[in-house]
Every structure is written in structure tokens, then in C-alpha cells.
Amino acid sequence: MNDREYIAIIESILFIWAEPIHTDEISRVLDLSKKDTKRLIEQMKEEFEHYRRGLVVNDYDGYIQLTTRSDYDSYISKLVKKNRKRTLTNSSMEVLALIAYKQPITRIEVDDIRGVKSYSSIETLLSKGLIKEVGRLDKIGKPILYGTTPEFLAFFDISNLKDLPSVEQIELLDDFLLDDEDEN
Numbered sequence: 001m002n003d004r005e006y007i008a009i010i011e012s013i014l015f016i017w018a019e020p021i022h023t024d025e026i027s028r029v030l031d032l033s034k035k036d037t038k039r040l041i042e043q044m045k046e047e048f049e050h051y052r053r054g055l056v057v058n059d060y061d062g063y064i065q066l067t068t069r070s071d072y073d074s075y076i077s078k079l080v081k082k083n084r085k086r087t088l089t090n091s092s093m094e095v096l097a098l099i100a101y102k103q104p105i106t107r108i109e110v111d112d113i114r115g116v117k118s119y120s121s122i123e124t125l126l127s128k129g130l131i132k133e134v135g136r137l138d139k140i141g142k143p144i145l146y147g148t149t150p151e152f153l154a155f156f157d158i159s160n161l162k163d164l165p166s167v168e169q170i171e172l173l174d175d176f177l178l179d180d181e182d183e184n
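In terms of this note's numbering, the sequence shown opens at residue 1 and continues consecutively.
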């Protein structure tokens with residue numbers, strides 16, 4: 001089989017799968033080395049970019065996903081009425097931010113930081129696949145440790161956790177927004 005055929009198969013897999021899929025899984029399905037698979041995916045990404053296709057190949061820390069090009073969001077939004085990001089409440093977003101920045105973290109630690117119970121928000125985030133159980137704390141009761149998933153990276157369109165804004169950047173933005181509110 002030649003590269004063209006492999007790329008077509010990868011494109012088909014990504015289209016049907018819809019969620020981020022790890023390059024190791026693609027390698028396994030194609031019976032190719034990880035190196036060859038990564039090379040083919042990179043070639044596919046370059047072709048999609050060169051021809052300005054309506055779809056782009058995103059790499060979320062080794063998990064690959066086919067998504068629509070953001071340049072065309074205004075057209076797509078005419079068809080799709082709901083914005084996925086609006087499906088999270090403020091409390092769920094707060095819990096998700098804590099987990100993203102402090103992972104691995106237990107629910108009790110999240111509750112202590114927030115000062116309120118987070119069970120419902122954590123259940124919502126688990127059901128949406130944005131967080132997952134990443135282990136258990138080695139102490140009485142063996143509380144569950146939570147961390148983010150590749151779906152979290154895709155949801156926020158970032159390649160890896162290093163792309164998250166630093167806490168300092170967020171504090172600067174908060175200060176800026178508060179100053180702006182004071183002026184109004």
C-alpha cells in the first residue's frame with residue numbers, strides 16, 4: 001500500500017471516529033510503525049493546510065482529531081444553533097479549571113478550595129468526558145484523583161496542558177477586567 005492509500009484510510013478513521021484518537025491506536029489499526037504513522041499524519045496535516053480544506057487535523061498531545069476549520073465557524077453556526085462550550089455552568093467551569101491546573105486532584109481538595117461541594121459538577125464533567133479518574137490517593141478511603149482528558153484539550157482547542165494560560169496571566173486579566181469595571 002502506498003502513502004496516498006494510508007492517508008485516505010487515516011482520514012476515514014478520523015472522520016468516523018469523531019473524537020480524538022491516539023496515534024498508537026492508528027498505528028495498530030494500520031499495522032505501521034509509530035514513526036511512519038506520525039509521518040503520514042504530518043503529511044496529511046500539511047496537505048489539508050496547503051489546500052485550505054474545510055477540515056483541519058489537530059494534534060492534542062498525541063491524540064489526533066479531524067475538526068472543521070475555524071475560518072468557517074460563522075457558516076457552521078447558522079446550521080448548528082448551540083455552542084458546545086455554553087453547556088457548562090459557571091461552577092462546572094470553575095471545577096474544570098481547578099482540575100486542569102492542579103491535577104491530579106481529589107474531589108475533597110476541589111471542595112476545600114471552592115468552599116462548596118463539587119460532586120454534581122464533577123459528575124457532569126465525567127459524563128462529558130472532559131475529566132477522568134487518573135488514580136487513587138494512597139490514604140484512608142483511597143479518594144479518587146481526577147485529571148483532564150484529550151477531549152478537554154479538543155474542547156478548548158489546545159494541543160497540551162502547557163498551552164493553558166499561566167495563573168499569573170489569568171490574575172493579570174482579572175486585574176485588568178476589574179480596573180475596567182471600576183472605570184465604568
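Glycine residues also receive a C-beta, built at the ideal position from the N, C-alpha and C atoms.
Keep in mind that this is a model prediction, so the values were computed, not measured.
Original post:
When we look at the beta-carbon of TYR6 and count the other beta-carbons within 10 Å, is it buried (16 or more) or exposed?
Top reply: buried
Original post:
Where do the N-terminal and C-terminal ends of the alpha helix (DSSP H) with VAL95 fall, by residue?
Top reply: 90 to 102
Original post:
Three-state secondary structure (DSSP) at ARG136?
Top reply: strand
**OP:** Go ahead and label ASN83 buried or exposed: buried means 16 or more other beta carbons lie within 10 angstroms of its beta carbon, across all protein chains shown.
**Re:** Model confidence at ASN83 stands at a pLDDT of 49, short of 50, so the residue's coordinates are unreliable; what they give is reported in the following sentence. That one is exposed.
Subject >> Proximal residues to ILE105 (C-beta, below 7 Å), its chain only, five neighbours per side dropped >> reply: LEU98, ILE99, LEU145 and TYR146
Original post:
Are there three or more Cβ pairs, one per stretch, closer than 8 Å when the region 124 to 140 is compared with the region 87 to 95?
Top reply: yes
Original post:
Between LEU172 and SER70, what straight-line distance do the alpha-carbon atoms span, to the nearest angstrom?
Top reply: 27 Å
Subject >> CA-to-CA distance, LYS45 to ILE113, given in whole angstroms >> reply: 41 Å
Subject >> Proximal residues to SER118 (C-beta, below 7 Å), its chain only, five neighbours per side dropped >> reply: VAL95, ARG107, VAL110 and ASP111
Subject >> Rounded C-alpha distance that separates VAL50 from ARG39 >> reply: Sequence inspection shows His at residue 50; the Val mentioned does not correspond to that position. Between HIS50 and ARG39, the C-alpha separation is close to 16 Å.
Original post:
Among PHE156, MET1 and PRO165, which has the Cα closest to the Cα of GLY129?
Top reply: PHE156
**OP:** Measure the C-alpha to C-alpha separation of LEU161 and ASP61 and round it to an integer number of angstroms.
**Re:** 9 Å
Subject >> Environment of PRO165 [buried if 16+ CB atoms lie within 10 Å] >> reply: exposed
Subject >> Whole-angstrom distance between ASN2 and ILE131, CA atom to CA atom >> reply: 38 Å
**OP:** Following the continuous alpha helix (DSSP H) through VAL29, name the residue where it begins and the one where it ends.
**Re:** 23 to 30
Original post:
Does the distance from the CB of LEU55 to the CB of THR67 come in under 9 Å?
Top reply: yes
Original post:
With 16 other CB atoms within 10 Å as the buried threshold, where does ILE10 fall?
Top reply: buried
Original post:
Does DSSP put ASN160 in a helix, in a strand, or in coil?
Top reply: coil
**OP:** Assign ALA154 to one of two classes, buried (16 or more other C-beta atoms within 10 Å of its C-beta) or exposed (fewer than that).
**Re:** buried
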